[in-house]
Each structure stands twice: as structure tokens, then as C-alpha cells.
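I have placed the structure first, in the form of C-alpha cells, so that the comments after it can refer back to it.
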Amino acid sequence: MEVADDDRTGKGTPMSDDQADRIAKIERELAELKAQVKPPVEKPREPWPKYDPTEGFRLPASAVKAMCDVVPDFRGIAQEQKHGMGEPGGFLGSEPKAEKKEPRRATETPLEPPPGVKYVDEIAKHFDRLDRLQTMKTIADAIKAGGGK
101 MEVADDDRTG
111 KGTPMSDDQA
121 DRIAKIEREL
131 AELKAQVKPP
141 VEKPREPWPK
151 YDPTEGFRLP
161 ASAVKAMCDV
171 VPDFRGIAQE
181 QKHGMGEPGG
191 FLGSEPKAEK
201 KEPRRATETP
211 LEPPPGVKYV
221 DEIAKHFDRL
231 DRLQTMKTIA
241 DAIKAGGGK
């Protein structure tokens, strides 16, 4: 008779022959099944295609000529594309000298009406005169119609 470990007490408990045979049978079946299973074969991944938004891009000849006229010396651009951009020259030199600047002071602006207001005032006076003339005419017509009392 075999002894099985009891996890709760840490002591061995007697195991029947029937239980031992069942465990041995299950272990054999497990070993057979493991032998049948093939480990997964890892396929090498294909690289993703590079995305080029200008793929298949075409221009009419007149547009290409206009662009070439803007950049007369294309060699510099071609060199830059071939070898990469160079280092910026102004940033690697000596420390820039700080310029002493005078503090900005507020300038006094005289208070006056904005430009063009005098024209608006003239227009308003003109229409005021027209309104007074119209009112005086209306009063005169009313007096004539009333009999001049």
C-alpha cells in the first residue's frame, strides 16, 4: 500500500491499490498525449511594407518645369537627400553675447477723437438741418390747412 501526501496535515495517508493504479494510468495517458502534441513552430514574421504616400504620384510636365524653375540648382537638394542634413552652423559656435537693451517705456498718447470722427459729425449736422427743415415745412403746412388762425 502506497502513502499519499495530505496537503492539509503534511502527513502521509494510506492510498488504496485501486487509487494508485488509477493515478499510474492517468500519468501514462498524460505522457502519451504530451508525446503526440507538437510544439508550435514559430514562423518568421514578414516585415511590413514601407508606407509611401507619394507612391504612384505623377505630375504634368508643366508642373515639373515650374518646380524646377523655382530651384535652379538641384544638386544641393540631391546631396542633402543622399547624405542627410548637415549640422546647423549657428548653434555650435561660441556663446552668443547678450545685448544690453533699454527697458521699454510707455509713450504718452494724447486723448483725442479717433480720425474720421469730424466727417461723421458733419454728416450728422447736415441731416439734423434737413430734419429741422422738414419739421418746419410740416408745421407750416398744418398752419395753412388750419386756416391761419
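In short: position in the sequence shown from 1, add 100, done, that's my numbering. For glycine and all other residues, C-beta sits at the position ideal for the given N, C-alpha and C.
query	result
Contacts around A240, its chain only, beta-carbon distance under 6 Å, and the 5 residues preceding and following it disregarded	none
Under the three-state DSSP convention, the category A224 falls into	helix
K182: first and last residue of the uninterrupted alpha helix (DSSP H) it sits in	175-183
Beta-carbon proximity check, I177 vs V170, cutoff 8 Å	no
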